[in-house]
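Student: Dropping a structure here in structure tokens format, bear with me for questions.
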Amino acid sequence: MSSPTKKRKLNADSKNGKPQSKGLEYFFSRQKSKDTPAQSLPDQDAALDAELTDEQLARKLQDEWDKEAAAVGLGGSQSVQNDEPSKESAISTQPEQLTLPINAAPPASQEDAKKDGTLKLEASGMAEDTITTSIPLDESPLIFEPRKYVELLKQHWKKEGGDASYALLTTCFVLVSGTTSRIKIVDTLVNCLRILIEGDPDSLLPAVWLATNSISPSYISMELGLGGSAISKALKNVCGLDSRSLRAIFNKHGDAGDVAYEAKKKQSFTLRKPKPLTIKGVYQSLVKIASTQGQGSAEVKQRIVDRLLQDARGGEESRFIVRTLCQHLRIGAVKTTMLIALSRAFTLSKPVNGDFATQDISRLQKLRKEELAEVWSKGEEIVKACFARRPNYNDLLPALLNIGVCEELLLRCGLSLHIPLRPMLGSITRDLSEMLTKLQGRDFTCEYKYDGQRAQVHCDENGKVSIFSRHLELMTDKYPDLVALVPTIRGDGVNSFIMEGEVVAVDQTTGDLKNFQTLTNRARKDVDIGSITINVCLFSFDLMFLNGQPLLDRPFRERRELLRSLFTEIPNRFTWVKSLDATSNESETVLDFFKSATENKCEGIMVKILDNLVDIPYTDDEEPKLAEDVKLSTPKSKSKAKAKPTSKDGGEEGKPKSRRKALLATYEPDKRLDSWLKVKKDYNSSFDTLDMIPVAGWHGMGRKSKWWSPILLAVRNDETGALEAVCKCISGFTDTFYKANKEFYDDGKESGEPKNTRAQQPGFIEYSGPMPDVWFEPQEVWEMAFADITLSPTYTAAIGLVSDERGLSLRFPRFLKKRDDKSMDEASTTHFLAGLYRKQENVAVTNNATAEVLDEEDD
Numbered sequence: 001m002s003s004p005t006k007k008r009k010l011n012a013d014s015k016n017g018k019p020q021s022k023g024l025e026y027f028f029s030r031q032k033s034k035d036t037p038a039q040s041l042p043d044q045d046a047a048l049d050a051e052l053t054d055e056q057l058a059r060k061l062q063d064e065w066d067k068e069a070a071a072v073g074l075g076g077s078q079s080v081q082n083d084e085p086s087k088e089s090a091i092s093t094q095p096e097q098l099t100l101p102i103n104a105a106p107p108a109s110q111e112d113a114k115k116d117g118t119l120k121l122e123a124s125g126m127a128e129d130t131i132t133t134s135i136p137l138d139e140s141p142l143i144f145e146p147r148k149y150v151e152l153l154k155q156h157w158k159k160e161g162g163d164a165s166y167a168l169l170t171t172c173f174v175l176v177s178g179t180t181s182r183i184k185i186v187d188t189l190v191n192c193l194r195i196l197i198e199g200d201p202d203s204l205l206p207a208v209w210l211a212t213n214s215i216s217p218s219y220i221s222m223e224l225g226l227g228g229s230a231i232s233k234a235l236k237n238v239c240g241l242d243s244r245s246l247r248a249i250f251n252k253h254g255d256a257g258d259v260a261y262e263a264k265k266k267q268s269f270t271l272r273k274p275k276p277l278t279i280k281g282v283y284q285s286l287v288k289i290a291s292t293q294g295q296g297s298a299e300v301k302q303r304i305v306d307r308l309l310q311d312a313r314g315g316e317e318s319r320f321i322v323r324t325l326c327q328h329l330r331i332g333a334v335k336t337t338m339l340i341a342l343s344r345a346f347t348l349s350k351p352v353n354g355d356f357a358t359q360d361i362s363r364l365q366k367l368r369k370e371e372l373a374e375v376w377s378k379g380e381e382i383v384k385a386c387f388a389r390r391p392n393y394n395d396l397l398p399a400l401l402n403i404g405v406c407e408e409l410l411l412r413c414g415l416s417l418h419i420p421l422r423p424m425l426g427s428i429t430r431d432l433s434e435m436l437t438k439l440q441g442r443d444f445t446c447e448y449k450y451d452g453q454r455a456q457v458h459c460d461e462n463g464k465v466s467i468f469s470r471h472l473e474l475m476t477d478k479y480p481d482l483v484a485l486v487p488t489i490r491g492d493g494v495n496s497f498i499m500e501g502e503v504v505a506v507d508q509t510t511g512d513l514k515n516f517q518t519l520t521n522r523a524r525k526d527v528d529i530g531s532i533t534i535n536v537c538l539f540s541f542d543l544m545f546l547n548g549q550p551l552l553d554r555p556f557r558e559r560r561e562l563l564r565s566l567f568t569e570i571p572n573r574f575t576w577v578k579s580l581d582a583t584s585n586e587s588e589t590v591l592d593f594f595k596s597a598t599e600n601k602c603e604g605i606m607v608k609i610l611d612n613l614v615d616i617p618y619t620d621d622e623e624p625k626l627a628e629d630v631k632l633s634t635p636k637s638k639s640k641a642k643a644k645p646t647s648k649d650g651g652e653e654g655k656p657k658s659r660r661k662a663l664l665a666t667y668e669p670d671k672r673l674d675s676w677l678k679v680k681k682d683y684n685s686s687f688d689t690l691d692m693i694p695v696a697g698w699h700g701m702g703r704k705s706k707w708w709s710p711i712l713l714a715v716r717n718d719e720t721g722a723l724e725a726v727c728k729c730i731s732g733f734t735d736t737f738y739k740a741n742k743e744f745y746d747d748g749k750e751s752g753e754p755k756n757t758r759a760q761q762p763g764f765i766e767y768s769g770p771m772p773d774v775w776f777e778p779q780e781v782w783e784m785a786f787a788d789i790t791l792s793p794t795y796t797a798a799i800g801l802v803s804d805e806r807g808l809s810l811r812f813p814r815f816l817k818k819r820d821d822k823s824m825d826e827a828s829t830t831h832f833l834a835g836l837y838r839k840q841e842n843v844a845v846t847n848n849a850t851a852e853v854l855d856e857e858d859d
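So, in structure tokens, the structure goes:
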């Protein structure tokens, strides 16, 4: 209904002799009367005076749209980024909007519509894009020919404005999400990218951002800031559903994208002609959502979300639009997969005006599998190395479109100040003996692995400082004290640099280290340097860039020497990590160093090779791999037990005959290699574990949606008999375990027969956090490892034993095994948990006191 203000204005205009325009409320004024007789459609000249039924008005508009579509060829495409909604859009979002159910086909006659009781209309924008969906994107790239489809697609896109349609990307997403084969996933992405490279290069960059489920690099903060309520409201507005219907669909499917797919099938007809989505348009909409701030931003964001869902054609576009808005795309295209797809796409295709060379596909088709893999790998390594040094598709894609995949790409996408490189990672070893075995014959250094936050520090010649986290998030505002400190640590001749270290909370008077929990209590944004109460120290351990020159190819011994000789140490504010140089023959010395690290509240030690010795072979069972490459090889691991075909000479067929590469001491961005090894105290079997009782679980996300993950664990209060929740755990479980656990703790929603579960929280379980999806019938005991015991504002286990206000929780809990030999009565108690916490704190205090005594003796 119209507002009082609007009514007053309409009345005033009428009195002044102005013609009174009739809004939708005029046509809907008789909807409440069930006996209003239907009238035939009037002429356009008499439309203002006629009272139309819903059906008549909708048919009139549909006829106008059909005539317009026939005249202009389905109409032009407009951007969804208008600052102000069009009149049609404003109509479609009004509460009085006309909603009529749509079926797949129009009725044969007016009589059929009357018999059915509904108006069977279909808007052209709601239909699936059959031209795009018919393209076999999942073919092998060596068979797929983009030219066969590019011209047809260009003609199709021209009718919609000329830009590549979002339907192409949706088709790719459907095929990718429908397979678990990594080969198929890569092939489908390659073919989709090749069509864009040859058909619409301007849409390539937005397509890559959308396919990687992001809109900007990690170090540029652009958050959509959308809550679930915005998406739910959009689905209700666009699809004509009420809250109960939407909740029923969500309870059945559990995924927001699947809910949108089902809701779109119940789509109601709206009084706005849909405009087909384009890849560029969708990306621009997301950027506008992220950049909209201030008063009224919620309404602007809601309008954009509504518009995207209104324009989505069919269920699949709606599914992936919503998943994109939720930032949970679920197509399995991780970062490395996209980089592989890009390298292969540019190896085979180039833009129309591109002047770089591509591979001859007919030649590639004749190569053996091993030879083809070598061709692919060369390009993949270049693209991966570029992205590791400059992780921004805004830099990588223009260079690829200009020069393709070649060595020059490494120069164009090299290290740059204030753009973080992806950090090098260390491989995990379970104990010291495994580490010493791997590094036989090598000189290495052991470093304290401090319990802090890894930081990458950039400083240019003007003293501008940027600080990035391990995940490349900008956290300069979090550490204004470090920003002020960093320019002062430069020695003579140092202008600019990139160094890496660990930011640790410390007592700057005594130098005592504090745990990570203390560091997390520090504010994250807009920290005022005068209000800082938690002081930090930067423990530096590597130098990657100096005075405009990258140092990645230098051995670690040289990089460390430059770091310690060219920078000025400031006690308890900036220093080096504590280290010990050793060899595999000095096991006792290494063990003592490891113990001292754990006693000083460190997580363990990092072990790094010092020099490049190419004549010493690598002694591990497998060659080092990229962290993401391990994911790509997962499906093949299922067939390990099968017999491998052999060649005539008795060797394994297809296995490359190459000598194992020696480990190097260079800095390898974004790689997890055995030239860096970490030995953490929670991985060492000599440390304490807890026997805990699983009491509840939540539905997992993604592929774990059918299992319980995370799982809530508790210890026993032997005085009251209650079970007190301590932590949630998601680590240490295998897929086989998850399946067995789901069968054991069955909520009955699928089987119809609940087993070992409860609908409500038992009175003897003490937990006040977010409610789990299912409560277990407590009966099992699991052995759990952990890194530290911390005071918790959420969990109340052992409250009163250590602190009167806070309970205890575990940091980095990890499942080890089920204790079938123990009953619940033998599970760990709150007193035992509190005892471990005191032991942990006392060891640190004792060690610090010993260190102070030794320092005094040295003085």
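Mapping to full-length UniProt numbering: the sequence shown position 784 is 784, numbers consecutive. The beta-carbon is built from N, C-alpha and C at its ideal position, and this holds for glycine as well. Quantities reported herein were computed from a predicted structural model and do not represent experimental measurements.
(1) Taking C-alpha atoms, which residue in Thr179, Leu432, Asp674 lies nearest to aspartate 592?
(2) Please determine if the stretch 478-487 and the stretch 553-562 are in contact, where contact requires at least 3 C-beta pairs separated by less than 8 Å.
(3) Across the stretch 664-676 and the stretch 414-434, are there enough close Cβ pairs to call them in contact, namely three or more that are closer than 8 Å?
(4) Measuring CA to CA, which of Glu473, Phe320, Glu374, Gly354 is closest to arginine 344?
(5) Going by DSSP, name the residue or residues bridged to cysteine 602.
(6) Which residues in the same chain as lysine 818 place their Cβ atom closer than 8 Å to its Cβ, once the five residues preceding and following it in sequence are excluded?
(7) Confirm, please, whether the CB-CB distance from threonine 790 to glutamine 517 is below 8 Å.
(8) In angstroms with no decimal places, state the Cα-to-Cα distance between proline 276 and valine 208.
(9) Give a yes or no on whether the C-beta atoms belonging to phenylalanine 468 and glutamine 456 are separated by under 8 Å.
(10) Is it true that the stretch 746-759 meets the stretch 726-738, where meeting means three or more beta-carbon pairs spaced less than 8 Å apart?
(11) Following the continuous alpha helix (DSSP H) through glycine 315, name the residue where it begins and the one where it ends.
(12) Specify the secondary structure class of cysteine 172 as computed by DSSP and reduced to three states.
(13) For a minimum of 3 consecutive residues, which ranges assigned as the beta strand (DSSP E) are wholly contained in the stretch 803-835?
(14) As an exercise, report each continuous alpha helix (DSSP H) stretch of at least 4 residues that is fully enclosed by the stretch 364-413, in chain order.
(15) Does DSSP put glutamate 139 in a helix, in a strand, or in coil?
(16) Measuring straight from C-alpha to C-alpha, what distance separates asparagine 213 and cysteine 192?
(17) Give the single residue among Lys839, Arg313, Ser823 whose Cα lies nearest to the Cα of glutamate 599.
(18) For a test of the three-state rule: what should DSSP assign to glycine 228, helix, strand or coil?
(19) Would DSSP call lysine 438 helix, strand or coil?
(20) Which residues in the same chain have their Cβ closer than 8 Å to the Cβ of glycine 748, if we skip the five residues on either side of it in sequence?
(21) Identify the continuous beta strand (DSSP E) that holds alanine 207 and give its terminal residues.
(22) How would you call valine 352, buried or exposed, if buried means at least 16 neighbouring beta carbons within 10 angstroms?
(23) Using only alpha-carbon positions, find the residue among Asp187, Asp63, Phe173, Glu145 that is nearest to residue 860.
(24) Roughly how many angstroms separate the alpha carbons of phenylalanine 594 and phenylalanine 567, rounded to a whole number?
(25) Report the rounded CA-to-CA distance for leucine 400 versus valine 503, giving the unit in angstroms.
(26) Only counting the same chain, and skipping five residues up and downstream in sequence, which positions put a Cβ closer than 6 Å to that of valine 774?
(27) Shortest alpha-carbon distance to isoleucine 331 belongs to which of Ile185, Asp611, Pro772?
(28) Could you check the C-alpha separation between glycine 511 and asparagine 572 for me, to the nearest Å?
(29) Could you round the C-beta distance between leucine 816 and isoleucine 609 to whole angstroms and report it? I think they count as a contact, below 8 Å.
(30) Considering threonine 188, what are the terminal residues of the alpha helix (DSSP H) in which it resides?
(31) Report the three-state DSSP secondary structure of glutamine 761 (helix, strand or coil).
(32) For the alpha helix (DSSP H) that phenylalanine 250 lies in, which residues bound it at each end?
(33) Rounded to whole angstroms, what is the Cα-Cα separation between aspartate 395 and serine 466?
(34) Cβ atoms of serine 496 and cysteine 459: under 8 Å apart, would you say?
(35) In terms of alpha-carbon separation, which member of Asp255, Cys326, Phe320 lies closest to isoleucine 289?
(36) Do you know whose CA, among Ile403, Leu397, Arg363, lies nearest aspartate 355's CA?
Tutor: Short version:
(1) In the sequence shown, residue 592 corresponds to position 592, counting from 1. Residue Leu432 is the option with its Cα nearest to aspartate 592.
(2) In this structure the stretch 478-487 does not lie against the stretch 553-562, because fewer than three pairs of beta carbons, one per stretch, are closer than 8 Å.
(3) yes
(4) Position 344 of the sequence shown holds residue 344. For arginine 344, the nearest C-alpha among the options comes from Glu374.
(5) Position 602 of the sequence shown, counted from the start, is the residue given in the question as residue 602. For cysteine 602, which the question treats as bridged, DSSP gives no partner whatsoever.
(6) The sequence position of residue 818 within the sequence shown is 818, counting from 1. For lysine 818, where only same-chain residues beyond five positions count, the Cβ hits under 8 Å are Glu780, Val781, Trp782, Glu783.
(7) One-based indexing of the sequence shown puts residue 517 at position 517. One-based indexing of the sequence shown puts residue 790 at position 790. Their beta carbons are under 8 Å apart, which means glutamine 517 touches threonine 790 by this criterion.
(8) If you number the sequence shown from 1, residue 276 lands on position 276. If you number the sequence shown from 1, residue 208 lands on position 208. Taking C-alpha positions only, proline 276 is separated from valine 208 by approximately 20 Å.
(9) The residue given as residue 468 occupies position 468 in the sequence shown. The residue given as residue 456 occupies position 456 in the sequence shown. In this structure, phenylalanine 468 places its C-beta atom within 8 Å of the C-beta atom of glutamine 456.
(10) With the rule of 3 Cβ pairs closer than 8 Å, the stretch 746-759 does not count as touching the stretch 726-738.
(11) Taking the first residue of the sequence shown as 1, we reach residue 315 at position 315. Taken as a continuous stretch (DSSP letters only), the alpha helix (DSSP H) holding glycine 315 covers 314-325.
(12) For the purposes of this step, residue 172 is taken as residue 172 along the sequence shown, with counting starting at 1. The answer is helix: DSSP assigns cysteine 172 an H, G or I state.
(13) 807-811, 814-818
(14) 369-389, 393-403, 408-412
(15) Start at 1 with the first residue of the sequence shown, and residue 139 comes out as number 139. Of the three classes helix, strand and coil, the one that applies to glutamate 139 here is coil, per DSSP.
(16) Numbered from 1 along the sequence shown, position 213 holds the residue referred to as residue 213. Numbered from 1 along the sequence shown, position 192 holds the residue referred to as residue 192. Their Cα atoms are separated by approximately 16 Å.
(17) In the sequence shown, residue 599 corresponds to position 599, counting from 1. The candidate whose alpha carbon is nearest that of glutamate 599 is Lys839.
(18) Translated into the one-based positions of the sequence shown, residue 228 becomes position 228. The answer is helix: DSSP assigns glycine 228 an H, G or I state.
(19) Taking the first residue of the sequence shown as 1, we reach residue 438 at position 438. It is helical.
(20) Counting from 1 along the sequence shown, the entry for residue 748 is found at position 748. So the list reads Pro754, Lys755, Thr757, once near-sequence residues are dropped.
(21) Numbered from 1 along the sequence shown, position 207 holds the residue referred to as residue 207. Per DSSP, alanine 207 belongs to no beta strand (DSSP E); it is in the alpha helix (DSSP H), 204-211.
(22) If you number the sequence shown from 1, residue 352 lands on position 352. Under this definition valine 352 is an exposed residue.
(23) There is no way to answer for residue 860, as the model of the chain reaches only from 1 to 859.
(24) The residue labelled residue 594 in the question sits at position 594 within the sequence shown. The residue labelled residue 567 in the question sits at position 567 within the sequence shown. Cα-Cα distance, rounded: 27 Å.
(25) Looking up residue 400 in the sequence shown gives position 400. Looking up residue 503 in the sequence shown gives position 503. Each residue's Cα considered, the two are about 37 Å apart.
(26) Reading the sequence shown from its first residue, position 774 is the one you call residue 774. In chain order, Gly697, Asp747, Thr757 place their CB closer than 6 Å to the CB of valine 774, counting only its own chain and leaving out the 5 sequence neighbours on each side.
(27) As a working note, residue 331 is residue 331 in the sequence shown. Answer by Cα proximity: Ile185.
(28) Against the sequence shown, residue 511 aligns to sequence position 511. Against the sequence shown, residue 572 aligns to sequence position 572. Answer to the nearest angstrom: the Cα atoms are 6 Å apart.
(29) The sequence position of residue 816 within the sequence shown is 816, counting from 1. The sequence position of residue 609 within the sequence shown is 609, counting from 1. At roughly 30 Å, the Cβ-Cβ gap does not stay under 8 Å, so leucine 816 and isoleucine 609 are not in contact.
(30) The residue you call residue 188 lines up with position 188 of the sequence shown. Residues 182-199.
(31) In the sequence shown, counting from the first residue as 1, residue 761 sits at position 761. Here glutamine 761 sits in coil by DSSP.
(32) What you label residue 250 is simply residue 250 of the sequence shown in a count that begins at 1. Element bounds for phenylalanine 250: 243-253.
(33) Against the sequence shown, residue 395 aligns to sequence position 395. Against the sequence shown, residue 466 aligns to sequence position 466. Aspartate 395 and serine 466 have their alpha carbons spaced roughly 19 Å apart.
(34) Residue numbering aside, residue 459 sits at position 459 when the sequence shown is read from its first letter. Residue numbering aside, residue 496 sits at position 496 when the sequence shown is read from its first letter. Yes.
(35) Here residue 289 refers to the residue found at position 289 of the sequence shown. Residue Cys326 is the option with its Cα nearest to isoleucine 289.
(36) What you label residue 355 is simply residue 355 of the sequence shown in a count that begins at 1. Nearest of Ile403, Leu397, Arg363 to aspartate 355, Cα basis: Ile403.
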